[in-house]
Amino acid sequence: MKRIIPTLFMLLLIACTGCAQTKGFTSMSNEPFAKLIKKKSVQLIDVRDARQYEKSHIKGAINIEYSSKGFDRKLMELNKRKPVAVYCNAGRSSKSAAKKLVEMGFKKVYELDKGFKSWDGEKEP
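Whatever position you read off the sequence shown (first residue = 1), add 79 for this note's numbering.
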């Protein structure tokens with residue numbers, strides 16, 4: 080019994096360490112995201128479909144549709160030395176896109192946590 084408790088503690092510690100691994104990108108709420116994208120060096124990417132993008136998008140964003148066949152190729156055209164900010168409609172596709180950007184070697188990757196649905200266009204750019 081004396082060995083079981085320390086062993087369980089070590090297993091728990093190892094399991095928690097795995098959970099603490101960074102995902103390699105930063106999820107942001109509206110206000111910090113708005114401040115970030117005001118910087119000229121930030122590459123702002125809207126990963127929603129073209130129809131949604133044409134209807135409305137954040138000023139300065141370029142559309143690279145997440146579900147398109149050429150998505151990876153288009154991402155590789157971005158400058159890896161510059162920060163990339165990405166958003167989608169609700170936050171799911173942007174998280175996947177941010178993860179892909181990190182896997183491709185981008186170092187400064189940010190995503191709008193709750194997506195364009197949460198964006199307040201009247202108060203923010």
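Ideal Cβ placement from N, Cα and C applies to all residues, glycine included. Quantities reported herein were computed from a predicted structural model and do not represent experimental measurements.
Within 10 angstroms of the beta-carbon of residue 194 lie 16 or more other beta-carbons, which makes it buried. Counting along the chain, residue 120 sits inside no beta strand (DSSP E), nor does DSSP assign it H or E at all.
DSSP lists 125 as the bridge partner or partners of residue 142. Among the bridge pairs identified by DSSP, residue 164 is matched with 123, 189.
The residue from 164, 179, 177 with its alpha-carbon nearest to that of residue 109 is 164. Going by DSSP, residue 108 is part of no alpha helix (DSSP H) at all; its letter is neither H nor E. For residue 159, the three-state secondary structure derived from DSSP is coil.
Its Cα nearest to that of residue 143, the residue 126 stands out among 176, 126, 113. Within the same chain, and ignoring the five residues on either side of residue 159 in sequence, the residues whose Cβ sits closer than 6 Å to its Cβ are 184, 185. Spanning the alpha carbons of residue 116 and residue 131 requires a straight line of approximately 20 Å.
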